[in-house]
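Colleague: The structure follows.
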Amino acid sequence: MQLLQALADRGLLADADRQRATDAIKAAPDLPPHQILIDKGFIKEEALLPVLADEFGMELVDLAHAVIAPDVLAAMPLRLVHRKNLMPVAKNNGTLVVATGDPFDAYALDELHTLTGLHVLPVLAPPREIARLIKAHFGVGGDTISALMAEKDEDDVELLEDILADDSELAKQAQEASVVRLVNQILVEAANERASDIHVEPEEKGLRIRYRIDGLLQNQNLPPEINRFQLAILSRLKIMARLNIAEKRLPQDGRIKMKVAGREIDVRVSIIPMVHGEGVVMRLLDKGRMAFNLKNCGMLPDIYHTFKQLIDRPHGIVLVTGPTGSGKSTTLYSALNEIKDETTKIITVEDPVEYQQEGISQIQTHAKIGLTFGHALRSILRHDPDVILVGEIRDMETAEMAIQASLTGHMVFSTLHTNDAPSAFTRMIDMGVEPFLVSSTVEGVMAQRLVRTVCPECKTAVVPDFDALPLDFPLRKGGPRPAPDVAIQQGVVEMMGAAAANDGKLWKGTGCRACRQSGYRGRTGIHELMINNDVIKDLIVQRVNSGVIRHEALKAGMVTLRQDGWRKVLNGTTTIDEVARVTAGDIS
Numbered sequence: 022m023q024l025l026q027a028l029a030d031r032g033l034l035a036d037a038d039r040q041r042a043t044d045a046i047k048a049a050p051d052l053p054p055h056q057i058l059i060d061k062g063f064i065k066e067e068a069l070l071p072v073l074a075d076e077f078g079m080e081l082v083d084l085a086h087a088v089i090a091p092d093v094l095a096a097m098p099l100r101l102v103h104r105k106n107l108m109p110v111a112k113n114n115g116t117l118v119v120a121t122g123d124p125f126d127a128y129a130l131d132e133l134h135t136l137t138g139l140h141v142l143p144v145l146a147p148p149r150e151i152a153r154l155i156k157a158h159f160g161v162g163g164d165t166i167s168a169l170m171a172e173k174d175e176d177d178v179e180l181l182e183d184i185l186a187d188d189s190e191l192a193k194q195a196q197e198a199s200v201v202r203l204v205n206q207i208l209v210e211a212a213n214e215r216a217s218d219i220h221v222e223p224e225e226k227g228l229r230i231r232y233r234i235d236g237l238l239q240n241q242n243l244p245p246e247i248n249r250f251q252l253a254i255l256s257r258l259k260i261m262a263r264l265n266i267a268e269k270r271l272p273q274d275g276r277i278k279m280k281v282a283g284r285e286i287d288v289r290v291s292i293i294p295m296v297h298g299e300g301v302v303m304r305l306l307d308k309g310r311m312a313f314n315l316k317n318c319g320m321l322p323d324i325y326h327t328f329k330q331l332i333d334r335p336h337g338i339v340l341v342t343g344p345t346g347s348g349k350s351t352t353l354y355s356a357l358n359e360i361k362d363e364t365t366k367i368i369t370v371e372d373p374v375e376y377q378q379e380g381i382s383q384i385q386t387h388a389k390i391g392l393t394f395g396h397a398l399r400s401i402l403r404h405d406p407d408v409i410l411v412g413e414i415r416d417m418e419t420a421e422m423a424i425q426a427s428l429t430g431h432m433v434f435s436t437l438h439t440n441d442a443p444s445a446f447t448r449m450i451d452m453g454v455e456p457f458l459v460s461s462t463v464e465g466v467m468a469q470r471l472v473r474t475v476c477p478e479c480k481t482a483v484v485p486d487f488d489a490l491p492l493d494f495p496l497r498k499g500g501p502r503p504a505p506d507v508a509i510q511q512g513v514v515e516m517m518g519a520a521a522a523n524d525g526k527l528w529k530g531t532g533c534r535a536c537r538q539s540g541y542r543g544r545t546g547i548h549e550l551m552i553n554n555d556v557i558k559d560l561i562v563q564r565v566n567s568g569v570i571r572h573e574a575l576k577a578g579m580v581t582l583r584q585d586g587w588r589k590v591l592n593g594t595t596t597i598d599e600v601a602r603v604t605a606g607d608i609s
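So, in structure tokens, the structure goes:
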């Protein structure tokens, strides 16, 4: 209890908490005392570690930017790296400097000295930093490959459906404990890192695994030995997704339902044969982290209030457009939850049903048996709905049925794949729908993209190089340069006010542990909301191109995707680079 006394002497542990801390430590004799204090909330890690370093006479090191030489890594026994969470830092004149997060475990250091024959100099570091370095240098799943996790019997992944496997040699290999644990670790790591997709890619020299985090793919370091398990990993994934492990020539699609740390995660699995083997992409739908709330979709107040008025209308069509992965489904689900109540009947037709929503009737399409969007819509109208969600308008049949539903007094939500809001009208006309039907039924179109948000942990204000800013950015000398007849539009005026209030400063993330040194953590939407009016309706009937419709929408006050992005740059939500990455310039 010397540690408790040291904390009390420094005023870091209240007298009232000391007895409770003592009891907590005695109740868990197998756990490090300092870890118990952190887990129970008696003290924060950053306050405890300096005291711990003083008590043990150890140096407290920052590993955030540590560079480890290959010979240092080679000197470290793998089983101690993973089993004892020890990370080699440096090697010099027969001394191995090792970072540990548990100075109480002297046996681990003695075992390291015995195995290496080197003098061991321990230094103290945060356990999370050590774990991050281990994954970076020894690879995700490295403990399974090297030590087969002999001390750990329980799996981190709980499958919610029974799996079926035959008696073939490949199936038996895929069901071995080491392979099961390795695949589980890949899935758990992706879930913990907030990945939306896992890419397992066979290459000529081995296997590559990448996670899509906040919209960008990030390569995962892997131990070279993982290549020997390539077929077993693929077979295990096929078995989990209830696919045919013997079929290697045709694409296959499946689904895995599982729980990770109590969170239910739905994994959509797509397998395609490639030159060097079968490639796998898994889309992770983390139901535990999804909250469909329109106010949390990133809309600024003016767009939110206009969109709320739009979805409250009794009939018509509201479209959300954008590329795959731009958050269209999340926006539509949030809109449904906003208007859902006991008096409203809501039916959706989706391919596939990604998130099951209470109080909403959801239909899964099945093209092989003829249950398409159009066919399902025809039947839905007999079920007396008030609101209908169509997953996507893909063809003329679906478009005509959606228009028919809106003309008979229903509110219809759907998505389209177009680059901006005005293009949605010309896209539907190109499908073969009569222009007068499009103009009279489509009430509004929301185009959107997702941009990464500045990490709140390392967010800092910066003064930009004004001459290097994009031509249409408000802080650039001379201000934004829109077309002359739309210079007074609301979006530009608002941005100029925000730019003046900013005193010329912007924000960025400097990089920290929370954001994996990227400066970004999480994503938010940028939006372009176009409301149909009498002038635009006349233009649609005349079959004009989307550029003319866009020009008229700007005169009516539409804020473009890029302008909305600049507003979010000015309020510190994201950065210029992010907005420029996902939007095209608004000026010619």
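Heads up: the sequence shown at position 462 corresponds to 483 in this note's numbering, and the numbers run straight through without jumps.
Cβ coordinates follow ideal geometry from the N, Cα and C atoms, glycine included.
Whole angstroms is fine: what's the gap from residue 553's alpha carbon to residue 464's?
Modeller: The straight-line gap from Cα to Cα measures roughly 5 Å.
Colleague: Are there 16 or more other CB atoms within 10 angstroms of the CB of residue 92, so buried, or fewer, so exposed?
Modeller: When all chains shown are included, residue 92 counts as exposed.
Colleague: Please state whether the Cβ-Cβ distance between residue 351 and residue 472 is less than 9 Å.
Modeller: no
Colleague: Within 8 Å, do at least three Cβ pairs link the segment 363 to 378 to the segment 421 to 429?
Modeller: no
Colleague: Based on the DSSP secondary-structure assignment, which residues constitute the bridge partners of residue 285?
Modeller: 280
Colleague: Beta-carbon separation of residue 305 and residue 219 under 9 Å?
Modeller: yes
Colleague: Can you give the beta carbon distance from residue 98 to residue 119, rounded, assuming they're within the 8 Å contact cut?
Modeller: Rounded to the nearest angstrom, the Cβ distance from residue 98 to residue 119 is 11 Å, too far for a contact under 8 Å.
Colleague: On the premise that residue 313 lies in contact with residue 355, defined as a C-beta separation below 8 Å, what is that separation, rounded to the nearest angstrom?
Modeller: 4 Å
Colleague: Cutting at 8 Å between CB atoms, please list the residues of its own chain near residue 508, excluding the five before and the five after it.
Modeller: Any answer about residue 508 is weak, because its pLDDT of 40 lies below 50 and its placement is not dependable; what the coordinates show is given next. Excluding sequence neighbours, residue 508 sits near nothing in its chain.
Colleague: Taking residue 410 as the reference, give the member of 567, 100, 398 with the closest Cα.
Modeller: Per the Cα distances, 398.
Colleague: For the alpha helix (DSSP H) containing residue 325, name the first residue and the last one.
Modeller: 322 to 332
Colleague: From the DSSP output, read off the bridge partner residues of residue 463.
Modeller: DSSP lists 338 as partners of residue 463.
Colleague: Say whether the segment 576 to 586 touches the segment 447 to 465, bearing in mind that this needs 3 or more beta-carbon pairs closer than 8 Å, one atom from each stretch.
Modeller: no
Colleague: Write down every uninterrupted run of the beta strand (DSSP E) in the segment 340 to 411 whose length is 3 residues or greater and which is fully enclosed by it, in chain order.
Modeller: List check, beta strand (DSSP E) in window: 367 to 371, 382 to 385, 408 to 411.
Colleague: If you run the structure through DSSP and keep just helix, strand and coil, what is residue 590?
Modeller: DSSP places residue 590 in helix when its eight states are reduced to three.
Colleague: Buried or exposed: which applies to residue 347, given that a residue is buried once 16 or more other Cβ atoms fall within 10 Å of its Cβ?
Modeller: With 16 or more other Cβ atoms within 10 Å, it is buried.
Colleague: Measure the alpha-carbon distance for residue 56 versus residue 321 and round it to whole angstroms.
Modeller: 42 Å
Colleague: Kindly indicate the opening and closing residues of the alpha helix (DSSP H) around residue 47.
Modeller: 36 to 48
Colleague: Residue 204 and residue 295 - do their beta-carbons sit closer together than 9 Å?
Modeller: no
Colleague: Tell whether a beta-carbon distance below 9 Å holds between residue 466 and residue 340.
Modeller: The answer is yes: Cβ separation under 9 Å.
Colleague: Under 9 Å, do residue 484 and residue 526 count as touching if we go by C-beta distance?
Modeller: Their beta carbons are under 9 Å apart, which means residue 484 touches residue 526 by this criterion.
Colleague: In the segment 530 to 587, which residue ranges form an unbroken alpha helix (DSSP H) of at least 4 residues, counting only runs that do not cross its ends?
Modeller: Qualifying alpha helix (DSSP H) stretches, in chain order: 555 to 562, 567 to 576.
Colleague: Hey, out of 232, 212, 246, whose CA is closest to residue 226's CA?
Modeller: 246
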